[in-house]
Amino acid sequence: MARKIRIAGLCLVVLIIIAAFSAMSYAQSNTVADVEKSEVVKTAESGVALEWKKVSAADGYNIYCAPGDSKDFEKVGTVEGAKTTAFTVKKLEQAQEYKFYVTAYKEHKDGNVESEEYETLTACTLPATQKLSNVTSSDVGKLSFEWEINSKASGYQLQYVKGDGKDFSAAESVNIKDKATSSYEVEKLKAKETYAVRVRTYITYGESKLFGKWSEVGTAKIQEKVAMPNNIDKKKPMIALTFDDGPGYNKASDKILDVLEKYHARATFFMVGQNAKDHPKNLKRKVKLGCELANHTWNHNHYGKNVTASDIKKCSEAIYKVTGQYPTAFRSPGGNTTSVIRNECKAENMPLYYWSLDTQDWKYRNADHVYNAVIKNVRDGDIILMHEIYDSTADAVARMVPKLIKEGYQLVTCEELVLAKTGKKPVPGEQYYNATTIKNQTS
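Taking my numbering, the leading residue of the sequence shown gets 26, the next gets one more, and so forth.
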């Protein structure tokens with residue numbers, strides 16, 4: 026009997042042990058250890074990278090995020106497997122504080138089991154990459170630049186350096202503390218030198234400054250002091266006669282040059298590159314008479330958005346090969362101007378010129394009409410549009426030039442007109458409607 030009792034007791038102990046182990050096993054299958062040593066390892070303008078210590082028994086991890094002071098966390102990602110202990114939260118707003126936590130989970134037949142305790146991390150995304158909108162030197166020794174305002178900025182950091190901007194190690198830095206400021210000007214720089222500029226946004230976060238990425242580099246050649254030609258009186262009225270589409274394959278262009286030479290007048294010629302290539306004597310005569318050589322694209326086949334940088338470059342090279350000098354002005358075929366055109370003109374150091382008086386000589390082909398269009402409507406500072414390829418225009422010029430001079434007008438180039446009326450050289454990449462008005466949106 027005693028022996029039976031001992032056996033029964035032993036069996037009971039075994040059953041208790043088995044039950045205990047079963048209970049422990051069940052408990053372990055329904056719990057997972059907490060994630061430890063989680064940390065923020067990198068921040069960017071739209072993402073935050075997290076890392077944490079491996080939880081061996083985990084089947085994966087869940088990542089949660091909440092903006093700013095919000096307590097409403099949302100699951101933003103899941104990592105499968107215990108070995109992967111890193112995750113980058115993406116598509117976040119720039120310059121924004123966020124909170125994060127990571128939990129481990131374990132798969133179970135009744136549903137995944139997730140760790141309960143976690144460490145909350147805080148991080149701030151960086152400001153967005155800044156955009157530099159304009160870099161110019163429109164006055165002697167001055168460099169001006171503009172950028173887009175970042176509504177979340179605390180301020181901006183600027184850098185400028187002599188050269189093309191490939192090396193900023195010797196750059197001067199300027200901190201702008203006013204977040205509403207979007208422009209800055211540097212003075213007393215060396216004329217004719219090229220300077221490079223870049224800008225970035227910063228925000229104040231705690232006791233630190235968080236900087237966004239640098240903008241693309243912008244460059245500008247510093248304006249030099251330019252003396253007016255001795256034969257121009259800034260106090261007297263003046264206009265710029267401009268001629269498109271030449272040189273012509275008739276005698277019209279030569280007739281126009283004969284008139285300009287006779288009356289000691291100058292004009293600006295917006296020439297088609299392939300025509301310029303075919304008429305070297307004509308171009309050299311224009312240079313000798315002090316006229317301004319200007320670019321009107323290589324073949325005049327493209328308009329507006331179809332004009333490419335190559336159309337402009339090819340024309341400039343054609344003029345240079347004939348005369349040894351590059352054109353100093355540009356006009357779009359039809360006057361249709363785009364950002365591509367303006368950017369290429371800026372790169373080639375050419376301002377653009379529209380017109381304030383259109384003779385429509387191409388439409389009427391009538392000397393009386395062209396003559397009256399100018400004489401009856403001309404005003405001081407006008408840029409007048411004509412074409413050097415029509416005999417009717419040449420006939421009108423023969424009558425209008427002496428008449429304009431008699432009425433007191435000086436006939437100058439576009440560059441001379443802007444310089445005389447503003448005291449500054451025309452700005453490359455900007456389009457002038459008349460002597461003092463910039464009009465970059467034309468179609």
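Yeah, the Cβ is synthetic: ideal placement off N, Cα and C, and Gly gets one too. These numbers come from a predicted model, not from an experiment.
Expected contact under 8 angstroms - CB spacing of residue i and residue j to nearest Å
i    : j    : result
A301 : F268 : No, A301 and F268 are not in contact; Cβ-Cβ is about 13 angstroms, not under 8 angstroms.
L382 : N402 : 6 angstroms
G271 : F294 : 6 angstroms
T418 : A277 : 7 angstroms
V73  : V57  : Contact flag wrong, Cβ pair sits at about 24 angstroms.
V224 : S240 : 5 angstroms
Run of the beta strand (DSSP E) containing residue i, from where it starts to where it stops
i    : result
P92  : G85 to P92
K131 : E122 to K131
Y181 : G180 to K187
N320 : E317 to N320
G243 : G243 to K246
S194 : Looking at the DSSP string, S194 is not in any beta strand (DSSP E), and its letter there is neither H nor E.
V60  : That residue, V60, is in no beta strand (DSSP E); it is neither H nor E in DSSP.
Y379 : Counting along the chain, Y379 falls outside any beta strand (DSSP E), and DSSP gives it neither H nor E.
P437 : The sequence shown places Val at residue 437, not Pro. Start and end: Q435 to V437.
Proximity winner among the options, relative to residue i (alpha-carbon distances)
i    : options                   : result
A245 : A372, Q466 and N87        : A372
S169 : N137, L214, Q155 and V57  : L214
F125 : Y274, K313, K234 and T68  : T68
K131 : S163, A83, F112 and G166  : A83
N137 : A129, E144 and N200       : A129
A178 : S194, M263 and T206       : T206
G433 : E197, A74 and I257        : I257
E61  : Y143, F193, R356 and T161 : Y143
K431 : Q350, D279, V73 and Y288  : Y288
D164 : E212, S71 and T103        : E212
K100 : I88, A111 and A107        : I88
A265 : I281, V365 and L442       : L442
V445 : K234, M253, N465 and A221 : The displayed chain sequence assigns Ala, not Val, to residue 445. The residue with the shortest Cα to Cα distance from A445 is M253.
Y209 : M425, T161 and E218       : T161
R404 : W380, A421, H394 and R424 : W380
T113 : G349, I414 and V127       : V127
E413 : N374, M375 and L285       : L285
A111 : K78, K134 and E141        : K78
V395 : R424, I408 and P376       : R424
E180 : Y227, E141 and S194       : The identity of residue 180 in the sequence shown is Gly, whereas the question assumes Glu. Cα-wise, what sits closest to G180 is Y227.
Residue i, enclosing alpha helix (DSSP H) - first and last residue
i    : result
Y143 : Y143 -> no alpha helix (DSSP H), and no H or E assigned at all.
M425 : D416 to K431
N307 : P305 to K313
E342 : A334 to T348
Residue i (DSSP reduced to helix, strand or coil)
i    : result
T147 : strand
N275 : coil
K446 : helix
A216 : coil
A389 : Checking the sequence, you will find Tyr at residue 389 rather than Ala. If DSSP states are grouped into helix, strand and coil, Y389 belongs with the helices.
R367 : helix
A221 : strand
Y396 : helix
A460 : coil
G298 : helix
I264 : strand
K116 : coil
A290 : coil
A48  : Below a pLDDT of 50, predicted positions are generally treated as unreliable, and A48, at 44, falls in that range; the measurement from the model is reported next regardless. Residue state, collapsed to three classes: helix.
Q155 : coil
V403 : coil
I174 : coil
K79  : coil
D164 : coil
V66  : strand
I408 : strand
E232 : coil
G102 : strand
I257 : coil
V73  : strand
V211 : strand
A111 : strand
D283 : helix
Below-8 angstroms beta-carbon distance, residue i vs any chain B residue
i    : result
K260 : This model lacks chain B altogether; it includes just one protein chain.
Exercise. May I ask you to verify whether the region 117–125 touches the region 86–96, counting CB pairs closer than 8 angstroms and requiring at least 3?
Key: yes
Quiz item: With contact counted as at least three CB pairs below 8 angstroms, one residue from each stretch, are the region 232–244 and the region 386–400 in contact?
Solution: no
Practice problem: Count the CB pairs spanning the region 144–156 and the region 189–196 that are closer than 8 angstroms, and state whether there are at least three. | Solution: no
Quiz item: Between the region 443–462 and the region 354–371, are three or more C-beta pairs nearer than 8 angstroms?
Solution: yes
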